[in-house]
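Asker: Could you have a look at this structure, given as structure tokens, before my questions?
Numbering (the numbering used here), first residue to last: -7 to 158.
Right, here's the structure in full:
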């Protein structure tokens, strides 16, 4: 039996003072056209890198330096096995960390060409009611982002990271 080769990644639930979450728009080309997914910023953990070091690096690259209010807490975890989640891997394990900060205009160290190579086409601050009320063609990751986000905003950091679906 072959073991599953999963890519380990970190993602930041970046919440501003108004409890809006910063999400990036991924426009992912596929055989059926382009799929648009709004995801938390982040990416892969490199060999020898801690999760928090990877989180800081990924945020610097994608959205710019973020002033953390304290050490980010791990709030969610997600394992997704299937093709297309991480090239060269059987799937991905995402660890989500809460990052509280003031609202800002995202602009990381990556060039527009580097962002496009990662399929990142836009950034947007979303309120919980906007996510709940969204009925357009774009997807969120996780698909039911509103439920764990509402719990996080209402109840704060969980004692144990919440397991998420795809």
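Backbone N, C-alpha and C fix where the C-beta goes; we use that ideal spot for every residue, glycine too.
Distance check for residue 17 and residue 30, CA to CA, integer angstroms please.
Answerer: Translated into positions along the chain shown, residue 30 becomes position 38. Translated into positions along the chain shown, residue 17 becomes position 25. Each residue's Cα considered, the two are about 5 Å apart.
Asker: Taking the straight line between their C-alpha atoms, what separation do you get for residue 141 and residue 41?
Answerer: Counting from 1 along the chain shown, the entry for residue 141 is found at position 149. Counting from 1 along the chain shown, the entry for residue 41 is found at position 49. If you draw a straight line from the Cα of residue 141 to the Cα of residue 41, it comes to about 27 Å.
Asker: Thinking C-alpha only, which one of 87, 158 and 83 is nearest residue 50?
Answerer: For the purposes of this step, residue 50 is taken as the residue at position 58 of the chain shown. Checked all of 87, 158 and 83; the closest Cα to residue 50 is 87.
Asker: Given that a residue counts as buried once 16 or more other Cβ atoms are within 10 Å of its Cβ, and exposed if not, what is residue 4?
Answerer: The residue you call residue 4 lines up with position 12 of the chain shown. Classification for residue 4: buried.
Asker: Can you tell me which of the three DSSP states residue 121 falls into?
Answerer: Along the chain shown, one-based indexing puts residue 121 at 129. DSSP places residue 121 in helix when its eight states are reduced to three.
Asker: Count the C-beta pairs between the stretch 113 to 125 and the stretch 0 to 15 that are closer than 8 Å, then say yes if the count reaches three, no if not.
Answerer: They touch, by the three-pair rule.
Asker: Bridge partners for residue 83 per DSSP, in chain order?
Answerer: Sequence index remark: in the chain shown, residue 83 carries index 91 (1-based). Its beta-bridge partners are -2 and 73.
Asker: For residue 83 and residue 9, what's the separation of their Cα atoms in angstroms?
Answerer: Taking the first residue of the chain shown as position 1, residue 83 is located at position 91. Taking the first residue of the chain shown as position 1, residue 9 is located at position 17. Residue 83 and residue 9: Cα-Cα distance of roughly 34 Å.
Asker: Should residue 2 and residue 46 be called a contact, given that it needs their Cβ atoms to be closer than 8 Å?
Answerer: The residue labelled residue 2 in the question sits at position 10 within the chain shown. The residue labelled residue 46 in the question sits at position 54 within the chain shown. Cβ atoms of residue 2 and residue 46: closer than 8 Å.
Asker: Do residue 134 and residue 107 have their CB atoms nearer than 8 Å?
Answerer: In the chain shown, counting from the first residue as 1, residue 134 sits at position 142. In the chain shown, counting from the first residue as 1, residue 107 sits at position 115. For residue 134 and residue 107, no; Cβs fall outside 8 Å.
Asker: So what does DSSP say about residue 55, is it helix, strand or coil?
Answerer: Mapped onto the chain shown, residue 55 falls at position 63. Three-state result, residue 55: coil.
Asker: Taking a contact to mean a Cβ-Cβ separation below 8 Å, would you say residue 100 touches residue 54 in this structure?
Answerer: Taking the first residue of the chain shown as 1, we reach residue 100 at position 108. Taking the first residue of the chain shown as 1, we reach residue 54 at position 62. Yes.
Asker: If you check the beta carbons only, do residue 123 and residue 144 fall under 8 Å apart?
Answerer: Position 131 of the chain shown, counted from the first residue, corresponds to residue 123. Position 152 of the chain shown, counted from the first residue, corresponds to residue 144. Not closer than 8 Å, so no.
Asker: Could you pull the DSSP bridge partners for residue 17 from this structure?
Answerer: By 1-based counting over the chain shown, the position of residue 17 is 25. In the DSSP output, where bridge partners are listed per residue, residue 17 has 30 and 114.
Asker: Could you spell out where the alpha helix (DSSP H) holding residue 137 opens and where it closes?
Answerer: As a first step, residue 137 is located in the chain shown; it is residue number 145 there, counting from the start. Taken as a continuous stretch (DSSP letters only), residue 137 belongs to no alpha helix (DSSP H), as it is neither H nor E.
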